[in-house]
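Since the structure comes first, as structure tokens, the remarks are kept for the end.
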Amino acid sequence: MASSNIGSAPPNHDAFFEKQPSGGDAKEVGDDRAPDADEDGSTHKQEGVRQVEGVVTVWSKQVLIIMFILLYLVTFVDMLLVVVQSSLIPYVTSSFSRHGLLATTSIIANIVGGVFALPIAKIIDIWGRCEGFILMLLLVVLGLILKAVSGNVETYAAAHTIYWAGHIGMGYVIQIMLADMTSLKNRLILFGINSTPTIATVFAGSKIADLFYTYVNFRWAFGSFIIILVAFCIPVAIVFIWSKRKALKLGIIQPRVHNRTPWESTKYYFVQFDVIGMLLTIFGFSFLLLPFSLSAYASKGWATGYIIAMIVLGVVLLAAFVLWEKYFAPVQYFPFRYLKDRTILGACGLYGFTFISIFCWDTYYQSYLQVVHDESITTSGYILNSFSLTSAFIGPFVGLYTRWTGQYKWPAIIGGVPFATLGTVLLIHFRTPGSHVGYLVMCQLFNGIASEIWSLTAQLAIMATITHQEIAVALALWRLFGSIGASIGFAIAGALWTNILPAKLYEFLPDDAKDQVAEIFGSIVVQQSYPMGTPIRTAIIAAYADAQRKMVIAGAAFLPLCLICLLMWKNVNVKTLEESRGKQSKGNVF
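Mapping of the sequence shown onto the numbering used here: residues 8 to 597, in sequence order.
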């Protein structure tokens, strides 16, 4: 494990393109490695890792650049789709008169997406990166098909869960591919560059969503992106398959030998992926968090039998998960061993608490902008996604800074904490009907800067403490914490929204409109149908403002925990780390 006092060697001025030996098996015991150890200290490399190292070895500089461009284009389309679908979600749920369930559809999707990350890590480590990439594409396509044909909110929620699992998985596999293609000190540069499509998709996606909603419908939006995404993903798969065949022909990698029957393979992967552990995690968190946004729809609220039963069952299932993993699982789903390292624990905790904080106030933000400030889908999308715009812009500069200095801990503290504090705390003051939207944009920019600094430095902090073999699992664990954090944030937002807004609507609405609370609460279209300045629209705005203020305060309460997580990190210099331990990724890399 790297420590904070590693080396004081002079800066390494290697070329940006570096060719590393493809390496073999190795053993890591501190710095006393076996003579045949890999440079990164990997103790064992699974088939997928050996395969990608062989593939990268046969790549020329030109192929390396082509692959990065292809991955960049896939990321562009994927991010564009995210903006389009997120802009349309309030109208999709409203079309079923269930606008209040906006948070609920995201809770399950984020839980499944996060839990699914660890099995994906095993898939790409055992089967290969390309296989995992294609599997994620199939999930996205299936989810979009179901979204396009959904006839009720339940079908749409299931479709969104499948789509989101594929989307999260695809982004994760691309991230691992980029890690395979880069040395540790240059990795954040490519991570940052790969996030820059947001600079364009923020504007294009919101406008595309507006055009589809105005002139066609949301179903065609989902259907169109099926064709577009598949068209951009096929070249990535072709390059990988061609490179794998070339590596096999040259003898750099060996063909996989299949000696199990289909039934034996089913049993083997059932154990290897710890399906029982996965299901306990998914259902445990789902049952525990869903009641927070569903209670307002229950006949007796929190006293309703099934609401109580869901919470109790969620606690029981999560307790059963811990017992299963500790005493019964032949192969553990959750890699507890990584959390013994304070840097990994702190990085994962930071990601989780950041997402809890953000999604407490972000979940219904676009609806707030459209109802309270009377913004269009396009403009509200611009304001909302100015967060992502700033993140994308700042990312490459964070990567360049870490490449030059090798530092990640203090930039995360000095650069991230002030912006996160200002961006969130100022929202308490500015998220009011009388505030100019320019102040809201300012807060989004501050939060976007902090989020990108924390996201990139947290990943580097994790990767600096592990070997190439462990990257997929460790980053999957990090993503799991983020997804669970997002789900908790959605649950808090849903609980506040569904329990505060209806009561405040009843309080503020004129007496002759109090019987319309359920109809108004259930649809953003109904809310917008009342002109600005009318008594009913004014009452709706007042109810929104009350609920949103409490949601921002809830989000701000989690910021001190983010600082604690940052202070847990070891202060490792990644430049001197690679100089003393060798390059982490093998083959032709950036």
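Beta carbons are placed, not taken as given, at the ideal position from N, Cα and C, and that holds for glycine.
*Compare the beta carbon distance of residue 358 and residue 465 with 7 Å and say whether it is the shorter of the two.*
In this structure, residue 465 lies closer than 7 Å to residue 358 by Cβ.
*asked:* Just to confirm before moving on: does the CB-CB distance between residue 515 and residue 549 stay below 7 Å?
replied: Their beta carbons are under 7 Å apart, which means residue 515 touches residue 549 by this criterion.
*When you compare each of 441, 457, 343, 410 to residue 395 by their alpha carbons, which one comes out closest?*
Residue 395 has its Cα closest to that of 457, out of 441, 457, 343, 410.
*Kindly indicate the opening and closing residues of the alpha helix (DSSP H) around residue 273.*
Per DSSP, residue 273 belongs to the alpha helix (DSSP H) from 269-279.
*asked:* Give me, in chain order, the residues of the same chain whose beta-carbon lies closer than 8 Å to that of residue 368; leave out the 5 immediate sequence neighbours on both sides.
replied: If we look at residue 368 and ignore the five residues flanking it on each side, its Cβ neighbours are 431, 434, 438, 500, 555, 558, 559, 561, 562.
*Cβ-based burial, residue 36 [other Cβ within 10 Å; buried from 16]*: Since pLDDT at residue 36 reaches only 30, below the 50 mark, its modelled position is unreliable, and the value read off the structure follows with that caveat. Around the Cβ of residue 36, a 10 Å sphere holds fewer than 16 other Cβ atoms; the residue is exposed.
*When the distance is taken between beta carbons, is residue 187 closer than 7 Å to residue 63?*
Less than 7 Å divides the Cβ of residue 63 from the Cβ of residue 187.
*Cα-Cα separation between residue 293 and residue 112, rounded to whole angstroms*: Those two C-alpha atoms are separated by around 11 Å.
*Determine the direct distance from the alpha carbon of residue 393 to that of residue 77, and round the result to whole angstroms.*
Near 25 Å, if we compare the C-alpha coordinates of residue 393 and residue 77.
*From 491, 136, 213, residue whose alpha carbon lies closest to that of residue 246*: The shortest Cα separation from residue 246 among 491, 136, 213 belongs to 136.
*asked:* Beta-carbon within less than 6 Å of residue 251's beta-carbon, same chain only, minus the 5 sequence neighbours each way: which residues are those?
replied: Here the set comprises 62.
*Mind checking which residues open and close the alpha helix (DSSP H) that includes residue 448?*
Its alpha helix (DSSP H) spans residues 444-470.
*For residue 121 versus residue 143, is the C-beta distance shorter than 7 Å?*
Going by C-beta atoms, residue 121 is not nearer than 7 Å to residue 143.
*asked:* Quick check on the burial criterion: 16 or more other C-beta atoms within 10 angstroms. Buried or exposed for residue 267?
replied: Its Cβ having fewer than 16 others within 10 Å, residue 267 is exposed.
*In angstroms with no decimal places, state the Cα-to-Cα distance between residue 32 and residue 477.*
Its pLDDT being 36, under 50, residue 32 is placed unreliably in this model, and the value from its coordinates should be taken loosely. C-alpha of residue 32 to C-alpha of residue 477: approximately 13 Å in a straight line.
*If we count Cβ pairs, one from each stretch, closer than 8 Å, do we get three or more for the segment 275-290 versus the segment 332-342?*
Yes: the two stretches touch, three or more of their Cβ pairs being nearer than 8 Å.
*chain C within 7 Å of residue 557, Cβ atoms only*: Absent here is chain C; the protein component of the structure consists of one chain.
*Going by alpha carbons, who is nearest to residue 518 out of 546, 232, 214?*
Out of 546, 232, 214, 546 has the C-alpha closest to the C-alpha of residue 518.
*In angstroms, rounded to a whole number, what distance separates the CA positions of residue 470 and residue 231?*
Going from the Cα of residue 470 to the Cα of residue 231 covers about 37 Å.
_Would residue 425 and residue 552 be called neighbours here (beta carbons separated by less than 7 Å)?_
No, these two residues do not count as a Cβ contact at 7 Å.
*Cα separation between residue 490 and residue 97?*
Roughly 21 Å between the two C-alpha positions.
*For residue 102, which of helix, strand or coil comes out of DSSP?*
Helix, per DSSP.
*Specify the secondary structure class of residue 168 as computed by DSSP and reduced to three states.*
Here residue 168 sits in helix by DSSP.
_Separation of residue 85 from residue 386, as counted between CA atoms_ = When rounded, the distance between both Cα atoms is 21 Å.
*asked:* So, at 8 Å on beta carbons, what are the nonlocal neighbours of residue 178 in its own chain, with the 5 sequence-adjacent residues on each side left out?
replied: In chain order, 82, 85 place their CB closer than 8 Å to the CB of residue 178, counting only its own chain and leaving out the 5 sequence neighbours on each side.
*Below 7 Å CB to CB, which residues in the same chain sit around residue 544 once its five sequence neighbours on both sides are set aside?*
Around residue 544: 537, 538.
_Taking its Cβ as the centre, do 16 or more other Cβ atoms sit within 10 Å of residue 453, making it buried, or is it exposed?_
Under this definition residue 453 is a buried residue.
*Please classify residue 438: does DSSP put it in a helix, a strand, or coil?*
Three-state result, residue 438: coil.
*How big is the Cα-Cα spacing for residue 468 and residue 409?*
Roughly 11 Å separates the two Cα atoms.
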